[in-house]
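What follows is a single structure, written as structure tokens, with notes after it.
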Amino acid sequence: MDAKTKVIIAEIEKWQRTQLLPEHYCIFLLKLYSGGEHTGIQQDGSENASDKRGNGLFAKLAGSFAPGKGNGQTGNSPTTRAKAFVWLIGTFVTAISILLAFHFSDFPTAMQIAFVAIFSLFFYVLAFILRKRTIAGTNIALALAFFAMAAGGLFLLQRTGASLPVMLLFLAAACLLWYVTGLLFRLAYLQYCGLVGLGLIYGYEILGLIAADPSYLRAQLYWVPLAAVMIGLGFFLRRRRAQAAGVLAVCGLLFLFGSEVCMLFIPGMARDMIQLLLFIKILLGSAVFFVTRRTWLGSLRL
């Protein structure tokens with residue numbers, strides 16, 4: 003067997019291990035190029051090579067469903083078994099979720115809290131398991147976990163007659179959890195959702211304070227220092243955590259205009275003055291950003 007044939011056989015074996023081609027195709031090609039001497043990497047009743055390397059959590063869990071090979075059956079590949087197992091679990095969870103959704107209001111409050119907590123925790127832990135295997139599965143699991151927590155939590159608070167401050171506090175805790183999760187999973191969109199959500203809740207509370215004693219200066223004092231701190235933290239973290247630093251800097255720029263947004267909802271505040279303040283901030287911010295553009299564009303990946 004010459005060197006060229008050995009290279010071809012090695013490549014076909016790689017296709018067989020990675021399931022790039024169906025098993026019988028690979029065996030046919032191996033027989034063709036080796037003259038019948040080599041018929042594949044799996045000749046006995048041992049495990050597939052990919053199983054020995056532990057390719058994926060679900061493939062291991064689904065291994066017990068593989069049909070026997072001593073009776074002439076070839077069996078499904080580990081990848082196919084894993085997909086079937088995932089579909090089975092997904093179908094089961096979906097069916098249970100639909101059943102609970104229709105009868106959720108009939109359960110006692112304690113049981114409702116338990117269901118929401120278990121459902122949210124299950125998908126949150128699942129996201130941790132999948133975070134190094136599939137980004138799509140991680141995002142779906144996190145979306146389901148946060149949706150169950152937010153929707154279920156608000157429903158329970160409303161049913162128990164909770165006050166508006168309690169609901170806002172719950173939403174603030176949820177946004178903080180989103181931001182922390184975004185840091186752990188290195189997902190920028192979760193960090194943005196968390197910080198923007200916290201900013202909206204903060205703005206809602208500040209709006210009442212500004213409306214009680216309207217003042218352009220007081221409105222700026224509620225937002226400008228906060229924005230400066232966030233931008234400063236972004237600049238400080240730019241070399242250690244570029245993604246987190248970029249999110250902080252961008253959200254800090256957004257919060258810089260929070261005072262003007264609040265003043266738009268307060269009757270009696272002059273619109274001309276608000277437009278002038280916006281123009282000044284945009285002009286100064288653009289000038290500073292242009293002067294320091296190399297630092298921001300290079301370090302924060304903006």
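Numbering (this note's numbering), first residue to last: 3 to 304.
Where a beta carbon is used, it is the ideal one built from N, C-alpha and C, also for glycine.
Apart from the five residues on each side of it in sequence, which residues of its chain come closer than 8 Å, Cβ to Cβ, to residue i?
| i | result |
| --- | --- |
| L192 | L144, W180, Y181, T183 and G184 |
| T162 | T111 |
| A190 | G184, Q245, G248 and V249 |
| L280 | F259 and E262 |
| L166 | none |
| A5 | none |
| A289 | none |
Excluding the five sequence neighbours on either side, which residues of its own chain have a C-beta within less than 7 Å of the C-beta of residue i, listed in chain order?
| i | result |
| --- | --- |
| L197 | Y181, V249 and C253 |
| A129 | T140, A143, L144 and A147 |
| L23 | W17 |
| L123 | none |
| G74 | In this prediction, G74 has a pLDDT of 40, which is less than 50 and means its spatial position is unreliable; what the coordinates show is noted afterwards. Same-chain partners within the cutoff: there are none. |
To the nearest angstrom, report how far apart residue i and residue j are at their CA atoms.
| i | j | result |
| --- | --- | --- |
| T7 | F30 | 15 Å |
| M232 | Y194 | 13 Å |
| Q245 | L170 | 28 Å |
| I115 | L178 | 20 Å |
| I120 | I282 | 50 Å |
| L266 | P110 | 44 Å |
| I284 | A138 | 37 Å |
| W225 | F117 | 39 Å |
| T294 | A251 | 13 Å |
| R273 | T93 | 55 Å |
| A164 | C264 | 26 Å |
| L90 | I131 | 18 Å |
| L202 | F149 | 18 Å |
| R296 | R135 | 35 Å |
| A19 | A175 | The amino acid occupying residue 19 in the given sequence is Arg; Ala does not appear at that position. Cα-Cα distance, rounded: 46 Å. |
| A12 | M113 | 58 Å |
Flag this pair as yes or no: are the beta carbons of residue i and residue j separated by less than 8 Å?
| i | j | result |
| --- | --- | --- |
| I234 | L255 | It should be pointed out that residue 234 corresponds to Gly in this sequence rather than to Ile. It is not a contact, given that the beta carbons lie outside the stated cut-off. |
| I212 | I268 | yes |
| I10 | Y27 | no |
| L173 | G199 | yes |
| M271 | P227 | no |
| F187 | R243 | no |
| L158 | V168 | no |
Can you list, in chain order, the residues of its chain whose CB lies under 6 Å from that of residue i, leaving out five sequence neighbours each side?
| i | result |
| --- | --- |
| A247 | G236, L239, R240 and L302 |
| Y126 | A147 |
| I14 | C28, L31 and L32 |
| A229 | G254, F257 and L258 |
| L278 | none |
| E25 | none |
| A214 | none |
| K54 | Only weak support exists for where K54 lies, its pLDDT of 42 falling under 50; the coordinates are left without a value. |
Could you say if the stretch 148-160 and the stretch 202-211 meet the contact criterion of at least three C-beta pairs nearer than 8 Å? Result no; under three Cβ-Cβ pairs closer than 8 Å.
Would you check if the stretch 257-266 and the stretch 219-226 touch, i.e. whether three or more CB-CB distances between them fall below 8 Å? By the C-beta criterion, the stretch 219-226 is judged to be in contact with the stretch 257-266, since at least 3 inter-stretch pairs fall below 8 Å.
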